[in-house]
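Heads up: the sequence lines are chains A and B, in that order.
If you count by our numbering, then the first sequence holds residues 128 to 279, one letter each, in order.
If you count by our numbering, then the second sequence holds residues 128 to 279, one letter each, in order.
Read through the structure below, which is laid out as structure tokens, and then see the notes.
Protein chains: 2
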Amino acid sequence: MQIIPDELDRRMALFEKTLKEAGVKITHQRLEIFREVASSLNHPDAETLFRNVRKKLPTISLDTVYRALWLMVDLGLLTTLGASRDRTRFDANMESHHHFVCSVCGMTHDFYDAGFDRLPVPEKVMEIGKAESVQVRIKGICMRCMRKKEAH
Amino acid sequence: MQIIPDELDRRMALFEKTLKEAGVKITHQRLEIFREVASSLNHPDAETLFRNVRKKLPTISLDTVYRALWLMVDLGLLTTLGASRDRTRFDANMESHHHFVCSVCGMTHDFYDAGFDRLPVPEKVMEIGKAESVQVRIKGICMRCMRKKEAH
DNA sequence: TCCTAATTAGGAACTATTATTATTTAAAAA
DNA sequence: TTTTTAAATAATAATAGTTCCTAATTAGGA
């Protein structure tokens, strides 16, 4: 799946601007890695990106791909899907509930909300597949991490 | 964090009923592993459960813990948090968007919905932490997996 | 109690990711 | 443009989480 060229140009421009402002080097490797993620409409993993980038830069290493990707996540150019960077966690609470996830420490906190339980599934989603459950995930900073931050 | 005893009893009863109906054996190991997840209010990982169960069953192996947990997920007694069972995936789409996740093949599909973008954060969530973004995740079966299923 | 297929323990193997180190390079300064 | 140097890279070793393999054990029906 490929993105429209205009949007890719916009993303590439933002990439250069962001790296310059952060004072990190714009390397050939980082450029090609970002171009690869940014032009994809699905959500590729590091291995897939590595294979594709290697067509242009045959000597690139997987480690470089990982370092570049996490750098871009830190700079706010990319996000990750799922819990990531963390091990699998199990939950015996099968009632409908929602999650608050701390973006600093990764802590996940359940909460209940009757309104969220009844969110209507948008029509266009029905074209993607048959919905079975709707869950809201709120990302933010938990109290403990906020206090730690203030103490600094 | 511990759950109230009544709720634990309810979960244990459901556990026995579900395993019997599925025709799988109710082993001492599976019982203790499930009791451990079911009595926890946070979301423990396999390693943590392993350490706790080992206090009662000193010879249990980590592999048994994993096998038991995934079995319970398959039987609908547990869920996992995050993408799990999958490697990290990266996304260059930083606009507000939401996800449809196929519970069969794991495919994640973006969609946009102005209503979802403006969901109000419930008051009680503010006690947990400072919210930064709200994202809706719809779980279901994608068209491709549905067709495959029908073809059977 | 006996029987047998299902399950387990223990350790090896596998897979995704990160660390180490010598070499190379981007970009600021001359 | 060339020089300089801290930052970044390639290659490979190491680590962490999870799964596989096999002989021994066990749940639960006969």
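C-beta: ideal position from N, C-alpha, C; glycine also.
Discussion item. Using C-beta distances below 8 Å, list every residue in its chain close to T145/A, excluding the 5 sequence neighbours before and after it, in chain order.
Written reply: The sequence position of residue 145/A within the first sequence is 18, counting from 1. Excluding residues within five positions, the ones whose Cβ falls inside 8 Å are L202, G203, L204.
Discussion item. Here's a check: name, in chain order, each residue in its chain whose Cβ is nearer than 8 Å to the Cβ of L189/B, leaving out the five neighbours to either side.
Written reply: Numbered from its first residue, the second sequence carries residue 189/B at position 62. Answer for L189/B: A173, E174, F177, listed in chain order.
Worksheet item: What is the DSSP secondary structure of R264/B, reduced to helix, strand or coil?
Response: Looking up residue 264/B in the second sequence gives position 137. Here R264/B sits in strand by DSSP.
Practice prompt. Could you list which residues in chain A have their beta carbon closer than 7 Å to that of I265/B, in chain order?
Written response: Counting from one through the second sequence, the residue named residue 265/B turns up at place 138. Within 7 Å Cβ-Cβ: V248, V252, A258, V261.
Discussion item. Distance check for V192/A and V180/B, CA to CA, integer angstroms please.
Written reply: Taking the first residue of the second sequence as 1, we reach residue 180/B at position 53. Taking the first residue of the first sequence as 1, we reach residue 192/A at position 65. So the alpha carbons of these two residues sit roughly 39 Å apart.
Practice prompt. Could you confirm whether any beta carbon from chain B is found closer than 8 Å to the beta carbon of T191/A?
Written response: Taking the first sequence and counting its residues from 1, one reaches residue 191/A at position 64. Cβ-Cβ to chain B under 8 Å: no for T191/A.
Practice prompt. Compare the C-beta of V151/B against all C-beta atoms of chain A and say whether one is closer than 8 Å.
Written response: One-based indexing of the second sequence puts residue 151/B at position 24. For V151/B, the answer is no, since every Cβ of chain A falls outside 8 Å of its Cβ.
Discussion item. So, for F243/B: in the same chain, excluding its five sequence neighbours on each side, which residues have a beta-carbon less than 6 Å away from its beta-carbon?
Written reply: For the purposes of this step, residue 243/B is taken as the residue at position 116 of the second sequence. Cβ within range, chain order: H225, V263.
Worksheet entry | Status (buried if at least 16 other CB within 10 Å, exposed otherwise) for E222/B | Walking along the second sequence from the start, residue 222/B turns up at place 95. The residue is exposed, with fewer than 16 neighbouring Cβ atoms inside 10 Å.
Item to complete: Determine, using beta carbons only, whether R138/B and A219/A come nearer to each other than 8 Å.
Response: Sequence index remark: in the second sequence, residue 138/B carries index 11 (1-based). Sequence index remark: in the first sequence, residue 219/A carries index 92 (1-based). Yes, Cβ-Cβ distance for R138/B and A219/A is below 8 Å.
Practice prompt. Quick one: measure Cβ to Cβ for F227/B and V228/A, integer angstroms, because I've assumed they're closer than 8 Å.
Written response: Against the second sequence, residue 227/B aligns to sequence position 100. Against the first sequence, residue 228/A aligns to sequence position 101. Actually they are not in contact, since the Cβ atoms of F227/B and V228/A sit about 19 Å apart, beyond 8 Å.
Item to complete: Identify every run of the alpha helix (DSSP H) within the stretch 133 to 170 of chain A, keeping only runs that are complete inside it and at least 4 residues long; order them along the chain.
Response: 155 to 165, all fully within the stretch 133 to 170 of chain A.
Worksheet item: Helix or strand or just coil, what does DSSP make of V248/B?
Response: Reading the second sequence from its first residue, position 121 is the one you call residue 248/B. The answer is coil: DSSP assigns V248/B none of H, G, I, E or B.
Item to complete: Determine the contact status of L196/B and I153/B, defining contact as a CB-CB distance below 8 Å.
Response: Translated into positions along the second sequence, residue 196/B becomes position 69. Translated into positions along the second sequence, residue 153/B becomes position 26. Cβ atoms of L196/B and I153/B: not closer than 8 Å.
Fill in: Opening and closing residue of the alpha helix (DSSP H) in which C272/B lies
The sequence position of residue 272/B within the second sequence is 145, counting from 1. The continuous alpha helix (DSSP H) containing C272/B extends over residues 270 to 278.
Item to complete: State the DSSP-derived secondary structure class of G242/B, mapped to helix, strand or coil.
Response: What you label residue 242/B is simply residue 115 of the second sequence in a count that begins at 1. Here G242/B sits in helix by DSSP.
Worksheet item: S223/B versus chain A: which residues are under 8 Å apart at the beta carbon?
Response: Position 96 of the second sequence, counted from the start, is the residue given in the question as residue 223/B. Counting only Cβ-Cβ distances below 8 Å, S223/B has no contacts in chain A at all, with the closest Cβ about 11 Å away.
Practice prompt. Examine chain B for any beta-carbon lying closer than 8 Å to the beta-carbon of D177/A, and answer yes or no.
Written response: Locating residue 177/A in the first sequence gives position 50, where the first residue counts as 1. Looking at the sequence itself, residue 177/A is Phe, so the reference to Asp does not match. Not closer than 8 Å to any Cβ of chain B, the Cβ of F177/A fails to qualify, so no.
Item to complete: Using a Cβ-Cβ cut-off of 8 Å, state whether V164/B counts as contacting chain A.
Response: Locating residue 164/B in the second sequence gives position 37, where the first residue counts as 1. With respect to chain A, the C-beta atom of V164/B has a partner C-beta closer than 8 Å.
Item to complete: Given a cut-off of 8 Å, decide if R157/A and L208/B are closer than it, judged by their beta-carbon atoms.
Response: Residue 208/B sits at position 81 when you count from the first residue of the second sequence. Residue 157/A sits at position 30 when you count from the first residue of the first sequence. Taking 8 Å as the Cβ cut-off, L208/B and R157/A do not qualify as a contacting pair.
Discussion item. Using DSSP's beta-bridge definition, name the partner residues of G256/A.
Written reply: To locate residue 256/A, count along the first sequence from 1; it is residue 129. BP columns for G256/A point to C269/B.
Worksheet entry | Beta-carbon proximity check, R256/B vs S230/B, cutoff 8 Å | Residue mapping note: residue 256/B aligns to position 129 of the second sequence, counting from 1. Residue mapping note: residue 230/B aligns to position 103 of the second sequence, counting from 1. Arg is not the amino acid found at residue 256/B; the sequence shown has Gly there. Not in contact: G256/B and S230/B (Cβ atoms no closer than 8 Å).
Fill in: K133/A classed as buried or exposed, judged by whether at least 16 other C-beta atoms fall within 10 angstroms
Here residue 133/A refers to the residue found at position 6 when the first sequence is read from its first residue. It is worth fixing the name first, because residue 133/A is Asp in this sequence and not Lys. The residue in question, D133/A, is exposed, as its Cβ has fewer than 16 Cβ neighbours within 10 Å.
Worksheet item: Rounded to a whole number of angstroms, what is the C-alpha to C-alpha distance between L246/A and P249/B?
Response: Residue mapping note: residue 246/A aligns to position 119 of the first sequence, counting from 1. Residue mapping note: residue 249/B aligns to position 122 of the second sequence, counting from 1. Whole-angstrom Cα-Cα distance: 14 Å.
Practice prompt. Would you tell me roughly how many angstroms separate the C-alpha atoms of H170/B and C232/A, rounded to the nearest one?
Written response: Along the second sequence, read from residue 1 onward, the residue named residue 170/B stands at position 43. Along the first sequence, read from residue 1 onward, the residue named residue 232/A stands at position 105. Between H170/B and C232/A, the C-alpha separation is close to 14 Å.
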